[in-house]
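Here's the structure we're looking at; comments come further down.
Here it is as structure tokens:
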């Protein structure tokens, strides 16, 4: 059997270290675009040139949303090198995210937005790592459905925090919350141990704990009429308030009454009331 091979069909052997750095960085960049963090780690082990390309790409990467599973080791290895990272969404990797990963996250000093939604392996040690002083630029933090955490005081170490989502953190109590005076948005939906003590100490001149608050979700908490009236008097920037609808609702809807809600609406007609069912 004869075999005819034309010149353009002959494969040329090329050593990876001989490839231009720009081409290697494009390969790594494509993997990062696909959020293939494990593949980046593996490729970086092939040769010094790929390792150098990986480090260069990681230093410039700004967004990361890792895959659903088996990426803890890759995250711990890569996160300290992501010095330009501004947005990190770990909600899809909730099975892998624990305190070790958060310790690595805390080294990402440029980070402005972090989602830890449903990352239930986090403990108080992980929260302490977040508030350890390395995330001074973090503005948005979601701990949605991290149900067993009960003390968030360490988040006082996040001086730029403006948006905090604690929805369905079932064990959080008011006294365990971090300082709230800088927040513009606070979501406490489903935090059924939070009550009117959240509003205690509010000042009528707006200089109390929530002077900057614009968006507040207190659905399925123990908010009562006293808390509603305190909010009306002391949150001058508030424009949206969510509470649980009292009728045809399977969850505890709070301690407030229809009369209390009407009085709030009368005093603060500019606030959009959202009834959650």
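In the working numbering, the protein residues as written are 2 to 278.
Note that CB positions come from ideal geometry on N, CA and C, so glycine has one too.
For residue i, which residues in the same chain have their Cβ closer than 6 angstroms to its Cβ, ignoring the five residues on either side in sequence?
i: residue 228; result: 197 and 200
i: residue 279; result: With the chain covering 2 to 278 only, the question about residue 279 has no answer from this structure.
i: residue 215; result: 185, 238 and 240
i: residue 35; result: none
i: residue 32; result: 40 and 41
i: residue 188; result: 166, 168 and 218
i: residue 123; result: 147
i: residue 104; result: 130
i: residue 44; result: 51
i: residue 194; result: 174
i: residue 275; result: 243
i: residue 30; result: 58
i: residue 236; result: 211 and 214
i: residue 164; result: 141 and 186
i: residue 64; result: 88
So, at 8 angstroms on beta carbons, what are the nonlocal neighbours of residue i in its own chain, with the 5 sequence-adjacent residues on each side left out?
i: residue 112; result: 86, 87, 88, 89, 106, 136, 138 and 139
i: residue 129; result: 155
i: residue 208; result: With a pLDDT of 48 at residue 208, under the threshold of 50, the predicted position of this residue should be treated as unreliable, though the coordinate-derived value follows. None.
i: residue 119; result: 92, 95, 145, 146 and 147
i: residue 192; result: 167, 168, 169, 170, 171, 173, 221 and 222
i: residue 150; result: 123, 124, 125, 128, 144, 170, 172 and 173
i: residue 285; result: The structure shown does not extend to residue 285, since the chain spans only 2 to 278, so no value can be given for it.
i: residue 152; result: 125, 128 and 177
Could you tell me whether the Cβ atoms of residue i and residue j are closer together than 8 angstroms?
i: residue 41; j: residue 76; result: no
i: residue 148; j: residue 178; result: no
i: residue 221; j: residue 254; result: yes
i: residue 243; j: residue 190; result: yes
i: residue 92; j: residue 72; result: no
i: residue 57; j: residue 84; result: no
i: residue 54; j: residue 101; result: no
i: residue 181; j: residue 224; result: no
i: residue 233; j: residue 263; result: no
Short of 7 angstroms in beta carbon distance, which residues of its chain neighbour residue i, apart from the five on each side in sequence? Order them along the chain.
i: residue 79; result: 38, 41, 42 and 59
i: residue 133; result: 107 and 158
i: residue 305; result: Outside the modelled stretch of the chain, which goes from 2 to 278, sits residue 305, for which no answer is possible.
i: residue 81; result: 105 and 108
i: residue 161; result: 137, 138, 139 and 140
i: residue 66; result: 36, 90 and 93
i: residue 62; result: 33, 83, 85 and 86
Using the DSSP secondary-structure output, state which residues sit across from residue i in a beta bridge.
i: residue 277; result: 245
i: residue 19; result: Looking at the DSSP assignment, residue 19 forms no beta bridge with any residue, so it has no partner.
i: residue 186; result: 164 and 216
i: residue 143; result: 116 and 166
i: residue 90; result: 116
i: residue 196; result: 223
i: residue 65; result: 89
Problem set entry | Sequence ranges, beta strand (DSSP E) only - wholly within the stretch 214-268, length at least 3 | Listed in chain order, the beta strand (DSSP E) runs fully inside the stretch 214-268 are 216-218 and 241-245, counting runs of at least 3 residues.
Exercise. Unbroken beta strand (DSSP E) runs of length 3 or more, entirely within the stretch 96-122: which are they?
Worked result: Runs of the beta strand (DSSP E) spanning 3 or more residues and lying entirely within the stretch 96-122 occur at 114-116, in chain order.
For this session: Kindly provide the ranges of any alpha helix (DSSP H) runs that are 4 or more residues long and lie completely inside the stretch 31-63, ordered along the chain.
Result: Entirely contained in the stretch 31-63, the alpha helix (DSSP H) runs reaching 4 residues are, in chain order, 38-45 and 49-61.
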